[in-house]
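Take the sequence shown: its position 5, counted from the start at 1, is 9 in our numbering, and no numbers get skipped.
Contents: one structure, followed by commentary.
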Amino acid sequence: MLLTGDLFAWTVPGAGDPQRIQRYPDDWAVALRAMAALDADLLLPGRGLPIRGPARVRRALIDTADYLDSLVEQTLDLMNAGARLDEVLHSVKPPPALAGRPYLRERHDEPEFIVRNIWRLHGGWHDGNPANLKPAPDAVFARAVAELSAGAASVAGRAVAAAADGDLRLACQLAELAAQAEPENRRVHEIRALVYALRVQQERGSIARGVYAWAAAESRSKTTGMDLLDVYHDVAEGRMWWLPSQAH
């Protein structure tokens with residue numbers, strides 16, 4: 005009988021959680037392979053159903069180790085080639101065959117977050133962009149962008165257009181810039197709440213949903229005067245009656 009704790013929990017391993025201290029995907033894979041070598045008949049995971057049968061147990065553990073090793077190898081190859089973090093984040097993908105396994109779905113953590121931890125472990129916190137080594141404060145940069153774009157409302161409007169095009173990554177970045185440039189602008193916060201709420205609907209992992217739900221609730225609370233925690237729970241639990249009907 006093998007009790008894995010959260011090293012195996014019917015989800016992508018939690019080796020990249022952005023709100024926790026450094027995790028170690030390399031060592032996580034080593035531990036999984038060591039457990040697989042024990043030839044256990046029964047696996048009792050940290051979460052989810054047990055797995056019975058030595059072959060099934062080994063396959064689940066080795067698949068998960070291979071998944072992590074692939075992310076590590078791809079990331080290190082790109083780092084050694086001189087790639088910046090931005091390129092690495094948008095290039096590294098888990099093997100499609102493994103990503104389809106029922107015990108490697110993105111219910112909590114995500115490959116993109118794991119890649120960030122691999123980078124941080126092996127390359128430090130600098131992302132390779134020299135402008136980000138000692139940047140201007142976010143609000144200063146956001147105001148400069150807004151000035152170039154005819155104001156924060158214009159930037160927020162471009163966020164709406166990006167959301168309509170299905171690019172919620174860009175929509176969130178633009179909405180955030182607009183809110184940083186004019187933090188008391190009600191219309192900007194209406195748009196920020198909208199795009200982050202749409203992002204909540206799109207995301208599968210609970211970590212990402214939680215972060216985006218909080219951002220949506222911050223702006224929704226500003227525009228309505230409602231209690232922040234009440235709004236957060238509504239957004240996190242999908243009670244977003246205020247979204248435009250076409251957004252559902």
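Built from N, CA and C at the ideal position, the CB exists for glycine as well.
Item                                                                                                        : Value
Opening and closing residue of the alpha helix (DSSP H) in which residue 49 lies                            : That residue, residue 49, is in no alpha helix (DSSP H); its beta strand (DSSP E) goes 46-49.
Counterpart residues of residue 7 in DSSP-defined beta bridges                                              : 48
Three or more C-beta pairs below 8 angstroms linking the stretch 68-82 and the stretch 34-41                : yes
Cα-Cα separation, residue 116 to residue 42                                                                 : 31 angstroms
Contact check, residue 120 vs residue 16, beta carbons under 8 angstroms                                    : no
Buried/exposed call for residue 26, threshold 16 Cβ in 10 Å                                                 : exposed
Residues that residue 56 bridges to, as DSSP identifies them                                                : 46
Test item: CB-CB of residue 46 and residue 56 under 8 angstroms                                             : yes
Straight-line Cα distance separating residue 39 from residue 184                                            : 48 angstroms
Alpha-carbon spacing of residue 150 relative to residue 31, whole angstroms                                 : 45 angstroms
Short CB-CB distance (under 8 angstroms) between residue 26 and chain B                                     : Chain labels in this structure do not include chain B; a single protein chain is all it has.
Cβ pair count under 8 angstroms reaching 3, the stretch 195-206 against the stretch 218-225                 : yes
Rounded distance between the beta-carbons of residue 180 and residue 196, thought under 8 angstroms         : 7 angstroms
Residue 23 - DSSP class collapsed to helix/strand/coil                                                      : coil
Counted within 10 angstroms of its Cβ, other Cβ atoms place residue 154 as buried (16 or more) or exposed   : exposed
For residue 109, the three-state DSSP class (helix, strand or coil)                                         : coil
Option in 214, 101, 146, 227 with minimal Cα separation from residue 241                                    : 214
Segment contact, 8 angstroms Cβ cut-off, at least three pairs: the stretch 92-99 with the stretch 117-136   : yes
Alpha-carbon spacing of residue 6 relative to residue 13, whole angstroms                                   : 13 angstroms
Sufficient close CB pairs (3 or more, under 8 angstroms) joining the stretch 131-144 to the stretch 154-164 : no
Residue environment, residue 112, which counts as buried when at least 16 other CB atoms sit within 10 Å    : buried
Exposure of residue 228, with buried meaning 16 or more beta-carbon neighbours within 10 Å                  : exposed
Local conformation of residue 243 per DSSP, three classes                                                   : coil
First and last residue of the uninterrupted alpha helix (DSSP H) at residue 31                              : 29-40
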